[in-house]
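*Asks:*
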Amino acid sequence: MLLSQLPKSASIQAGPDGTNLGAEQLIRSANARASALMEMGLAPGKRLAIVPSQPTQLLIDIFAAWQCNAVPVCLAPALPPTEIASVQQSIRPDVWSLPTEVSPPPNSPTLLPADPSHQSADAPEVTDASADDPALVLMTSGTTSTPKGVVLSHRALLARLALNIAHIPSNALKTSLCLLPLHFGHGLIGNTLTPLIAGGRVILWPDAGLAGLSRLGPVIDDHGIGFLSSVPAIWQIALRTSPPPKAGNLRRVHIGSAPLSVAQWQAVADWSGTPHIVNMYGMTEAANWIAGHDLAEGPATDGLVGRCWGGALAVRLPDGTVVRSGRGDVLVASPSLMLGYLDQPEQSAASLKDGWLNTGDIGEIDEDGNLRLVGRTKFEINRAGIKIPAEEVDLLLQGHPDIAEACGFAMPDTILGEAVAAAVVVEEERAFRPDDVLEWCRQRIRPDAVPSRLFQVDQLARSDRGKVLRDRVAKQCLANQPGDLAP
Numbered sequence: 262m263l264l265s266q267l268p269k270s271a272s273i274q275a276g277p278d279g280t281n282l283g284a285e286q287l288i289r290s291a292n293a294r295a296s297a298l299m300e301m302g303l304a305p306g307k308r309l310a311i312v313p314s315q316p317t318q319l320l321i322d323i324f325a326a327w328q329c330n331a332v333p334v335c336l337a338p339a340l341p342p343t344e345i346a347s348v349q350q351s352i353r354p355d356v357w358s359l360p361t362e363v364s365p366p367p368n369s370p371t372l373l374p375a376d377p378s379h380q381s382a383d384a385p386e387v388t389d390a391s392a393d394d395p396a397l398v399l400m401t402s403g404t405t406s407t408p409k410g411v412v413l414s415h416r417a418l419l420a421r422l423a424l425n426i427a428h429i430p431s432n433a434l435k436t437s438l439c440l441l442p443l444h445f446g447h448g449l450i451g452n453t454l455t456p457l458i459a460g461g462r463v464i465l466w467p468d469a470g471l472a473g474l475s476r477l478g479p480v481i482d483d484h485g486i487g488f489l490s491s492v493p494a495i496w497q498i499a500l501r502t503s504p505p506p507k508a509g510n511l512r513r514v515h516i517g518s519a520p521l522s523v524a525q526w527q528a529v530a531d532w533s534g535t536p537h538i539v540n541m542y543g544m545t546e547a548a549n550w551i552a553g554h555d556l557a558e559g560p561a562t563d564g565l566v567g568r569c570w571g572g573a574l575a576v577r578l579p580d581g582t583v584v585r586s587g588r589g590d591v592l593v594a595s596p597s598l599m600l601g602y603l604d605q606p607e608q609s610a611a612s613l614k615d616g617w618l619n620t621g622d623i624g625e626i627d628e629d630g631n632l633r634l635v636g637r638t639k640f641e642i643n644r645a646g647i648k649i650p651a652e653e654v655d656l657l658l659q660g661h662p663d664i665a666e667a668c669g670f671a672m673p674d675t676i677l678g679e680a681v682a683a684a685v686v687v688e689e690e691r692a693f694r695p696d697d698v699l700e701w702c703r704q705r706i707r708p709d710a711v712p713s714r715l716f717q718v719d720q721l722a723r724s725d726r727g728k729v730l731r732d733r734v735a736k737q738c739l740a741n742q743p744g745d746l747a748p
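Quick note: the sequence shown uses our numbering, first residue 262, plus one each step.
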């Protein structure tokens, strides 16, 4: 269904210096792959589990599954055997697409990675898919719970792509750079499928590494990049190591998937040469982006993600009332909402009620419909009954000139129940003076939210999506309590 809307001008390129595949080549490669998958038993409605070895191969497999009217399940690269076995048990794919070095589960039909040079002019003959049939399964990141399979319909996916294109200027999408893995919504839907369906060229570079990010500015110039979307962790590296672009091609930058501090927001604007730096709010359950605030449209404030991109935002108050402005649990209604979690009807029903998706976030919506995120319910610190969002602590500390990154978390306390703690990564060539940092905090935030302890660490544990693994950071800090903690 989606491939029928792929413009002839669309193309992908494997890295800044890699092979370019046009729309016709992509479709012909998908046709050949679809025929091979059907010979392995993939049929309409069946599931194809994809462990990608290269981003181009992942896209071809997804497109091939759609040519079969089957359902691609996108998994992380380099899954260990234990996770392969877990996926086999929980997702029960009908066919696997695996790298050559990965052993398939016993008695599972398996194909080696897709080869773009294998092409066919003819697509397999299959029954047409309904708009409300499952089109894609993406795994949640698991930062707040066990990862779940999010099932998106063709209708939801097409709606999200249309909304993204409506909110991003077409001249920005002509040439895009994807620095993110493609097995989750931010990289796949936001940074790849959106510009492809807009008829643009997408350079796939999800494994740029330190060396690649150190030349991000020149790559943007050399390839005329107009749009890119990434996470704060990538900008932590690029701002330190890469010269800025000079050609003036970059028109729009999205940042999401983790909290963005005001200081970093402005630093990206200064580096990139465009004022259109957009702090994005998105969820896999809503097929990628929900809202965004463009720095060019108003000043930055911590947690500000702007107005909804199609649909509506609301908050649920502590008494259960749903209102369009105020502070509470953030709800979203959108044409791009998931069908539910794969084979988990109870969790699906708990998240989707009366047309609203319960995001699990805490936020404030003003009278103009602008959303400011405060934190996640999962990570609220309960200090003697007073709730403090961990993300609020992150953004506070990251405003200190000596601190590059911070991660707040709850620390057990015999009197208060929980106390506020935080891990901090100190800026290069800066001294860490905990007492000075805490005094700085006391001047800027209510006393209950001032950390009781600060842990200096070399780096914060992250997922492959760039999200801080807050539980892991807390566990590592509390297991190795150093002697120089702030009182």
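Just so you know, even glycine gets a beta-carbon here, dropped at the ideal spot from N, CA and C.
So is residue 429 buried or exposed if we call it buried at 16+ other beta carbons inside 10 Å?
*Replies:* buried
*Asks:* Give every residue of the same chain whose Cβ lies closer than 7 Å to the Cβ of residue 297, excluding the five residues on either side of it in the sequence, and list them in chain order.
*Replies:* 372
*Asks:* Under the assumption that residue 436 contacts residue 478 (Cβ atoms under 8 Å), give the Cβ distance between them as a whole number of angstroms.
*Replies:* About 15 Å separates the two Cβ atoms, so there is no contact after all.
*Asks:* Is the Cβ-Cβ distance between residue 388 and residue 330 less than 8 Å?
*Replies:* Cβ atoms of residue 388 and residue 330: closer than 8 Å.
*Asks:* So, helix, strand or coil for residue 299, using DSSP?
*Replies:* Helix at residue 299.
*Asks:* Given this structure, state the Cα-to-Cα distance separating residue 431 from residue 459, to the nearest angstrom.
*Replies:* 7 Å
*Asks:* Report the residue from 350, 690, 276, 333 whose alpha carbon sits nearest the alpha carbon of residue 291.
*Replies:* 333
*Asks:* Hey, quick one: how far does the beta strand (DSSP E) through residue 217 stretch, first residue to last?
*Replies:* What the structure shows of the chain is the stretch from 262 to 748, and residue 217 is not part of that stretch, so it cannot be assessed.
*Asks:* Taking a contact to mean a Cβ-Cβ separation below 8 Å, would you say residue 472 touches residue 725 in this structure?
*Replies:* no
*Asks:* Should residue 507 go down as buried or exposed, given a rule of 16 or more other Cβ atoms within 10 Å for buried?
*Replies:* exposed
*Asks:* Starting from residue 471, trace the alpha helix (DSSP H) in both directions and tell me its first and last residue.
*Replies:* 470-474
*Asks:* Between the Cα of residue 475 and those of 501, 358, 517, 707, spot the shortest distance and give me the residue it belongs to.
*Replies:* Shortest Cα-Cα distance from residue 475 to any of 501, 358, 517, 707 involves 501.
*Asks:* Between which two residues does the beta strand (DSSP E) harbouring residue 717 extend?
*Replies:* 714-717
*Asks:* By how many angstroms is the C-alpha of residue 281 removed from the C-alpha of residue 463?
*Replies:* Taking the straight line from one Cα to the other gives about 9 Å.
*Asks:* Measuring alpha carbon to alpha carbon, tell me which of 593, 667, 390, 565 ends up nearest residue 575.
*Replies:* It is 593 whose Cα lies nearest to the Cα of residue 575.
*Asks:* Here's a check: name, in chain order, each residue in its chain whose Cβ is nearer than 6 Å to the Cβ of residue 504, leaving out the five neighbours to either side.
*Replies:* Within the same chain, residue 504 has close Cβ partners 478.
*Asks:* Please tell me whether, using a cut-off of 7 Å, the distance from the CB of residue 390 to the nearest non-hydrogen atom of the ligand ADP is below it.
*Replies:* With respect to the ligand ADP, the structure shown offers nothing to examine, as it has no ligands at all.
*Asks:* Rounded to the nearest angstrom, what separates residue 518 and residue 634 at their Cα positions?
*Replies:* 12 Å
*Asks:* Using the three-state DSSP reduction, which class does residue 435 fall into: helix, strand or coil?
*Replies:* coil
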